[in-house]
Structures are given as structure tokens and as C-alpha cells.
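What follows is a short report on a single structure.
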Amino acid sequence: MDQDSDSTNHKPDAAVIPPTKIKVERDTQEIAEADLSTGYEEYGEPAESQDLRSPLKRPLDDATAVYRPFKRHRSELNFGYLELLNEEIQAAAQRILFGDQEPLPASQIGLTAWSPAEKQSFFEAVARLGKHDLPGIAATVGSKSVAEVSQYLLHLQEACDARRQQVSRSILELAEYPAAVEISQQCCHAQEEAADEISLKQEVREEMREQSRWGDIWDVTPKVAKKLSRDVHLHSQDAHTSNDVPQFAQFFHLSNWLELSARMFMNSSVPANNWKSIDEDPPSVWATTFDDFYSLAVSVTRRLVQTTLFMAMSRIRSKTAIGWKIRDMVQPQDVEAAISSLNMALKSTDAWIGSARRLRLDVYEDPPEGEEEPDEDRMTYEEVERALSDGATSGPQKQAQPNPPLSVSPADDEEREVDMETREVLESTIGDIRPDKATRKALRACIATDRLKERQAEEVDQHASYKAEVEMWNVLQKKPPMDLPKKQDPGPPRRSTQSMDNFFPSGRDWARKLLYYSEWERE
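Now the structure itself:
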């Protein structure tokens, strides 16, 4: 959709956006029917004689009296935020977090030498993928095999076991594990403003590139889609003239794609997610996007056909080998077997059944026409899903009733919660824990220690979030609208050897209890 019009061209007259509506159709196959009509005549589509080119900025005469808030507002380009964005993109592409930590020293693990860069990639991969995904870790490092990665992990595990024999407490406390930081909503809005300017400048460059590649049809609007569909039908018999029509226009019903966006994907009852609250023009799709979808559809179709032929040949060969007379034909079961082997969905109805709930659509059995008020209440999502599934699902699911809140006095809430948790552990535990006084006292001490560790971790997380938000405001070169509540540094966490792991194994070493079987033993 063309979103490059200047937001200052709109008049500041507030307009109430009516809730969007769609009509429930039991037969979802109607979406794929070919239709040359655009379906957007009610939005004042320009005449066919007008130029198809869409300028980067709409003239003032095109501004309508209806104010439509533009999501992205122009502001000054923030180079600090741009540098931060490039760093995040580079870290995501290389799957390595570039921080200020000192590089690790090179080392020799067995017969394998590990460089500082390889060790950094290794530990980043372990943090992101876990220590059990050996192929993923090896692929991230790139220069090490699965066996070398496994040897390094085994070396680290042996070092941890040797340390635990000397010191019973854990190497890191709960508060020392870094957690995701939280920033205020005002800081999020400030980041969105900085990102909007970068997005607008990038979009202008992309539009220029699209125009140079596709010409007048670079932005497939309803009018352009109607023209391309007409060209396909007029020149379908002429091979020379049909070459001028893009392949995606010959393959897709473009008007149906745009209608899906206008009526479903961008038709949310939430104004911020509705195309009417962004621009007066109906949704459009760039030609490059359609071209990418065309390449994807052709690739998937070819793969499905090849797999189907392979399944059919295998079935015919196996039947012929035992003396059956089989016709050389592809059967429906061959297609189903191919779809299953490719891990593809056999039917697409499930995606459409939950679309109303996912897209927050207002659905009516008999939707009103134009601006008239609806005569009936909109359907609930359960009713929509039952109607689209033809009653396959059972009745409406019963919503779980929330438990009434417990009234806890602030004076004894901590002691009461510790006692309650201790009692629950003793009552619900299936094991060899004896509910005597000494065991109860030790268990209560472990629970109190774990709760203290959780409070320490919460304080550390709040301090880290405070520091991150202050740094972000400095990057944005803005002051927060209100003073941030300062969070003091809680200092080093308190260490203790008491833990609930003394009573219940946490299951962290589950992989060490597995027995290895060679490939020949599994055959």
C-alpha cells in the first residue's frame, strides 16, 4: 500500500471509523474464483484513463476531508539509532552478539585448536541453541565438526563436575543470569519515531528501485490489477504480446489477493490494524512481492509434482514386482503420500477457520449495507469457527473460571507463603521425604532461600532495565517525559549452598542418564 503521502496534507477533522465487517461464507473456495472486478468501486477508484504511475507524494488536491492518522511520522534522522540498528542486524545475520567483553584466549582441547573467534561463536551458539543441539552449534561455528563440538562440551562438563566435588554451591546464582530488560512505553514510542524516519527513507529508495524495474505497474493497486487481468485475457492467444504481461499476472488472480488484504488481513476491528485508519487508498502490493510469491508457488509446485511422480513410480514398481497388473497412472494416494513426505498441510481450511479470531474481525451473518446500523450483534469467534468448520468442532468451549483472589495480610504475607509452599511440598510429594520436624525445618529454609534468590534476581533485573532505558534515551538524544524512578545497584548477590535441588533433582542432567545406541543396534 502506498504510504508515502505527507501526513500534513490531511485535514484535522476527526472521523469515526465504523467497525469492519465480513460475511461468513461456508465455502472458502470462493476466495480463489477469478473475477475481473476490483471490488473497490465504493472507495472512489480512479478512472482507467488516468495515469497508472503513483507519485511519491500526493498533491494537495488529492487530500480528502477525512483525517486518517498515519502510523509513521517524519522526524530528524537519528544516526545513533541507525548505528544501533546496523549492529543488531549484523548480530542477527551472523548469530553473534557483539559486546564489550574481552575476547577469550585461544586454547587446545584435545587435538583441536580453538581460536578466540571460534570460541565466541561456540558459546553464543550454546547460549542460543542449547548444549544438546550439536549440529546447530557446529553449523554456527562453521569451522568445527560435530565431533569437535561434542568434545569441547564434554571437556566443559568434566570441569563443572570437578568443581562441584570441591564446592557444593552453584557456579552462578539466579541473579547472575542475564534476563531481558524492560523499558517504558514512552521509550518504545520514542524508538518507533526514530525507526519511522529510517523506514520512510528506506521505503523511498525501494520505491525508486521498484519504479525503475517495473515501470507503471510497480505498485499493483486495484486499478492496475484490473488492467493486468484484462491484458491476460485479451492476449492469452497471442504468444508475442503475452510476453509483455508479467508471469505473476498470468498465474495469480491479483484482484482476489488485494480483496483478501482489504477484507481480511488488513480489516481488523482494531483501528490501528485497519487500512482505513492509515490511508484513504485501498491496499496494494508491490510487483516484486507478487513476483516472489510466483517463484515460491512454482518451486513448491514442481517439488510436489516430482515427489508425487516418485511416489507413484514406487507404488507401481512394488506392485508389479509381485505380479500385479497396475496402470501407469497417478492415484490420489500418491499425492497424499507426497504431501505427507514434504510435511505440508493436506487442507488449508484450518487456517481460515481461525482467521477471524487471529485478525480480530467483526463477523455478521447478515452484514449491513453501506453506513446503516447492524440489525444483529456480531458473531462470537466460537460461532464463526463452528460455521466455517461445518459443525466439526464441538460446542463452545467453557472458559475456565478464575479462582477468587486470596486475601493476604501484608504483615505476614512472606511467612504465610513460605509456610504454605512448605506444606504443599510435603503433601504433594511422592518420594522418601519424611514429614518430621527436622525435614520440615530444612525444607522451609531451602524455600526461604530460593525466594530470597528470586527477589535478588528481580532487583538485579530492575536495575539492568533502568540502565538500559537511560542508555536508550541517550541514544535517542531525548529526555524522558517524566523522571525515571532510579533503581539502586543491589550489589553482588548473596550466595548459599541451600537449594531445593537438595530435595528434588531439577532434571538438568537428564541427557547424562540416556544410554547411547550405535546405528547398527537401532536397525
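Counting in my numbering, the sequence shown runs without a single skipped number right up to 1401 at its last residue.
No residue lacks a Cβ here, since even glycine has one placed at the ideal position from N, Cα and C.
If the criterion is Cβ atoms closer than 8 Å, does the pair residue i and residue j meet it?
i, j, result
"residue 966", "residue 1075", "no"
"residue 1243", "residue 1257", "yes"
"residue 1168", "residue 1126", "yes"
"residue 1128", "residue 1110", "yes"
"residue 1300", "residue 1329", "no"
"residue 1148", "residue 1238", "yes"
"residue 989", "residue 1009", "no"
"residue 1181", "residue 1220", "yes"
"residue 1217", "residue 1165", "no"
"residue 1053", "residue 1338", "yes"
"residue 1062", "residue 1100", "no"
"residue 1097", "residue 1162", "yes"
"residue 1212", "residue 1186", "yes"
"residue 1351", "residue 1065", "yes"
"residue 998", "residue 1015", "no"
"residue 1394", "residue 1365", "no"
Where residue i and residue j are concerned, what is the direct C-alpha to C-alpha distance, given to the nearest angstrom?
i, j, result
"residue 1108", "residue 1130", "13 Å"
"residue 1323", "residue 1335", "18 Å"
"residue 1262", "residue 1144", "18 Å"
"residue 1316", "residue 1373", "23 Å"
"residue 1228", "residue 1018", "35 Å"
"residue 1084", "residue 1354", "25 Å"
"residue 1026", "residue 1051", "30 Å"
"residue 1048", "residue 1375", "8 Å"
"residue 1105", "residue 1146", "28 Å"
"residue 1361", "residue 957", "25 Å"
"residue 1055", "residue 1005", "11 Å"
"residue 1001", "residue 1033", "14 Å"
"residue 1079", "residue 959", "14 Å"
"residue 1174", "residue 1124", "15 Å"
"residue 1159", "residue 1153", "8 Å"
"residue 1012", "residue 968", "24 Å"
"residue 1371", "residue 1044", "21 Å"
"residue 1058", "residue 1346", "10 Å"
"residue 1245", "residue 1252", "7 Å"
"residue 1357", "residue 1241", "44 Å"
"residue 1267", "residue 1060", "41 Å"
"residue 1368", "residue 1081", "45 Å"
"residue 1291", "residue 1303", "18 Å"
"residue 1155", "residue 1102", "23 Å"
"residue 1087", "residue 1093", "10 Å"
"residue 1272", "residue 1260", "The pLDDT assigned to residue 1272 is 42, lower than 50, so where the model puts this residue is not dependable; a value taken from the coordinates is nonetheless given after this. So the alpha carbons of these two residues sit roughly 10 Å apart."
Would you identify the three-state DSSP class for residue i, choosing helix, strand or coil?
i, result
"residue 1300", "helix"
"residue 1317", "helix"
"residue 986", "strand"
"residue 1103", "helix"
"residue 991", "strand"
"residue 1059", "coil"
"residue 1366", "coil"
"residue 1398", "helix"
"residue 1223", "coil"
"residue 1230", "helix"
"residue 1201", "coil"
"residue 1393", "coil"
"residue 1169", "helix"
"residue 1064", "helix"
"residue 1031", "helix"
"residue 1352", "helix"
"residue 1361", "coil"
"residue 1257", "coil"
"residue 1188", "helix"
"residue 1293", "helix"
"residue 958", "helix"
"residue 1372", "coil"
Quick one: what's residue i bridged to in DSSP?
i, result
"residue 1417", "There is simply no residue 1417 to check, as the chain begins at 879 and stops at 1401 in what is shown."
"residue 1097", "1164"
Tell me whether residue i, by its Cβ, gets closer than 7 Å to a heavy atom of the ligand ZN.
i, result
"residue 1074", "Ligands displayed in this structure: none; no statement on the ligand ZN is therefore possible."
(message) With a threshold of 8 Å, are at least 3 pairs of Cβ atoms found where one atom belongs to the stretch 1198-1207 and the other to the stretch 1227-1245?
(response) no
(request) Kindly confirm or deny that the stretch 1015-1023 and the stretch 1032-1041 touch, where touching means at least three C-beta pairs closer than 8 Å. (result) no
(message) Taking 8 Å as the cut-off, does the stretch 1064-1074 touch the stretch 1133-1141 (at least 3 CB pairs, one atom from each stretch)?
(response) no
(request) Spell out a yes or no on whether the stretch 977-991 and the stretch 955-964 are touching, meaning 3 or more CB-CB pairs, one atom from each, closer than 8 Å. (result) no
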